[in-house]
Structures are given as structure tokens and as C-alpha cells.
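Undergrad: Quick note on numbering: UniProt numbering labels position 31 of the sequence shown as 31, and the sequence is numbered without any gaps.
Just dropping this structure here.
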Amino acid sequence: MLSWSGDIHEFLSVYQKNMTDFQDKINSHLSWLNDDLYLDNDFRLALIIQKLDASFSRLLYNQICENTRLINIILNKLSRLLN
Numbered sequence: 001m002l003s004w005s006g007d008i009h010e011f012l013s014v015y016q017k018n019m020t021d022f023q024d025k026i027n028s029h030l031s032w033l034n035d036d037l038y039l040d041n042d043f044r045l046a047l048i049i050q051k052l053d054a055s056f057s058r059l060l061y062n063q064i065c066e067n068t069r070l071i072n073i074i075l076n077k078l079s080r081l082l083n
């Protein structure tokens, strides 16, 4: 994971790199969990990671909110599965 220095011009690249890394790591663990528990459902996290302009726009804000919602959904599914 990359650390953000606070420079607004770096935010987008740091955000996209961290979300891509996070998604890859979560999906790697989910794949292992699916194989280990012989689940029929193949849980996968599919975040929205698209190239946007360098400004902190409403579109980027909406993308961050939607990704947060998607992460919350997958965590709730896993919680119900494991409880």
C-alpha cells in the first residue's frame, strides 16, 4: 500500500494503486476460502477502478463511495457465511 503525502495531485494515482492492490489481495484470500470450504458461490470483489482526471471531482467522490459500499457488501456476506 502506498502512503499519500497529502498532495492533491498524487491522490488519484495513490488511490487507484491501493484499490487495485486491495482488490487483488482480497480476491486472493476469497479464492483460497472458496476452495478450502468448497463453496458454490465464488465471492469476488469487483471494485470500480477507472482512470479519471487528476482533479478531485464529483465522479471520483462517487467512485470512492461506491467502492466503500461494495467492500461493505462483501464483508457482510463473509460475516454471514462464517457465523
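Quick reminder that beta carbons are idealized off the backbone N, C-alpha and C, glycines included.
Between the Cα of Leu48 and those of Ser28, Thr20, Asp36, spot the shortest distance and give me the residue it belongs to.
TA: Along the sequence shown, one-based indexing puts residue 48 at 48. Residue 48 is actually Ile in this sequence, not Leu. For the residues Ser28, Thr20, Asp36, the minimum Cα distance to Ile48 belongs to Thr20.
Undergrad: Please list, in chain order, all residues of the same chain as Cys65 whose beta carbon is under 6 angstroms from its beta carbon, the five residues on each side excluded.
TA: Position 65 of the sequence shown, counting from 1, holds the residue named residue 65. Excluding residues within five positions, none has a Cβ falling inside 6 angstroms.
Undergrad: Go to Ser79, then tell me how far its alpha helix (DSSP H) extends in each direction, as first and last residue.
TA: For the purposes of this step, residue 79 is taken as the residue at position 79 of the sequence shown. 58-82 is the extent of the alpha helix (DSSP H) around Ser79.
Undergrad: Which value, in whole angstroms, describes the spacing of the CA atoms of Ile73 and Ile26?
TA: In the sequence shown, counting from the first residue as 1, residue 73 sits at position 73. In the sequence shown, counting from the first residue as 1, residue 26 sits at position 26. Cα-Cα distance, rounded: 13 angstroms.
Undergrad: If you reduce the DSSP assignment to three classes, tell me which class Ile26 lands in.
TA: Residue numbering aside, residue 26 sits at position 26 when the sequence shown is read from its first letter. Three-state result, Ile26: helix.
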